[in-house]
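Peer 1: The sequence shown runs 929 to 1115 under our numbering. Backbone N, C-alpha and C define an ideal beta-carbon position, used for all residues, glycine too. All of these numbers come straight from a predicted model, not from anything done at the bench.
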Amino acid sequence: FSVVHGVGTAHRYNISFFDMGDKKSELSHKVTDKPCNQVVWSPAGHTCILAGLDSLSGVMEFYNVDTQSSIITQEHMQCNHVEYDPSGRFVMSAKKQPMVDMNEIAMRDRVENGYMLWTFQGQRIHEEGKNRFFQFIWRPRPRSLLSEAEEKKVHKNLKKHMQAFAEADKEVARRRRLVGLVEKRRL
929 FSVVHGVGTA HRYNISFFDM GDKKSELSHK VTDKPCNQVV WSPAGHTCIL AGLDSLSGVM
989 EFYNVDTQSS IITQEHMQCN HVEYDPSGRF VMSAKKQPMV DMNEIAMRDR VENGYMLWTF
1049 QGQRIHEEGK NRFFQFIWRP RPRSLLSEAE EKKVHKNLKK HMQAFAEADK EVARRRRLVG
1109 LVEKRRL
């Protein structure tokens, strides 16, 4: 787990990372003086984003907790929401407005709304501006119906299965060509 702490001088904070030992937490390491007011964890748990949301201008540091190193720092101006997809392969950052009466919303909450999609390594792959943008939510990914052993077996035999499917596809294509030739001869 992680803890964001410090006095916030010039909107910069410290982040402490902990490991859970036998019924007690142990400090793993600390990152200091970062424009971060929220840590967003990957579902895989190896990486996180040190996010400076709202008043911290949308700075996002993609961080590898295992190697204790920064992957890359990116920015999404005025970003107020960051979230990993359920697989942990993609990240969404958004500038969204509250769902209240439009007369009650400050002008700053009405402009430059939208979202960006990133890889887990911090490479931007899509950007979309949306007027009156309220929510972005990832579609849940259901658990696999296969056991862990069955999944390993599938991965182990994947090339063999791919060859069998490729041969079956060739056979289907060959039959379609033959049917086409027969139809042409009938005409």
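(1) Ignore the nearest five residues each way along the sequence and tell me which others in Val967's own chain have a CB closer than 8 angstroms to its CB.
(2) Taking DSSP as the reference, what is the three-state secondary structure of Arg1105?
(3) Going by other Cβ atoms of all chains shown within 10 Å of its Cβ, with 16 needed for buried, is Pro971 buried or exposed?
(4) If we ignore side chains and look at the alpha-carbon of each, how far apart do Lys962 and Leu1073 end up?
(5) Whole angstroms is fine: what's the gap from Thr1001's alpha carbon to Gln1051's?
(6) Taking 8 angstroms as the cut-off, decide whether the C-beta atoms of Asn965 and Tyr991 are in contact.
(7) Report the residue from Phe1061, Val1100, Thr960, Arg1105 whose alpha carbon sits nearest the alpha carbon of Val935.
(8) Would you say Phe946 and Glu954 are within 8 angstroms of each other, going by their C-beta atoms?
(9) Tell me, please, which residues DSSP counts as bridged to Glu1011.
(10) What's the call for Asn1085, buried or exposed, on a 16-neighbour Cβ count within 10 Å?
Peer 2: This is what the structure holds:
(1) Residue numbering aside, residue 967 sits at position 39 when the sequence shown is read from its first letter. Once the five neighbours on either side are set aside, the close Cβ partners of Val967 are Ser930, Val932, Ile943, Cys976, Ile977, Leu978, Ala979.
(2) On the sequence shown, position 177 is the one that residue 1105 refers to. Judged by DSSP in its simplified three-state form, Arg1105 adopts helix.
(3) Taking the sequence shown and counting its residues from 1, one reaches residue 971 at position 43. Counting Cβ neighbours within 10 Å, Pro971 comes out exposed, since fewer than 16 surround it.
(4) Start at 1 with the first residue of the sequence shown, and residue 962 comes out as number 34. Start at 1 with the first residue of the sequence shown, and residue 1073 comes out as number 145. C-alpha separation (whole angstroms): 42 angstroms.
(5) Numbered from 1 along the sequence shown, position 73 holds the residue referred to as residue 1001. Numbered from 1 along the sequence shown, position 123 holds the residue referred to as residue 1051. Rounded to whole angstroms, Thr1001 to Gln1051 spans 10 angstroms at the Cα level.
(6) For this step, residue 965 is matched to residue 37 along the sequence shown. For this step, residue 991 is matched to residue 63 along the sequence shown. Cβ atoms of Asn965 and Tyr991: not closer than 8 angstroms.
(7) In the sequence shown, counting from the first residue as 1, residue 935 sits at position 7. In terms of Cα proximity to Val935, the closest of Phe1061, Val1100, Thr960, Arg1105 is Thr960.
(8) Here residue 946 corresponds to residue number 18 of the sequence shown, with the count starting at 1. Here residue 954 corresponds to residue number 26 of the sequence shown, with the count starting at 1. Yes.
(9) Translated into positions along the sequence shown, residue 1011 becomes position 83. Glu1011 pairs with Met1020.
(10) Counting from 1 along the sequence shown, the entry for residue 1085 is found at position 157. By the neighbour-count rule (16 or more Cβ atoms within 10 Å), Asn1085 is not buried but exposed.
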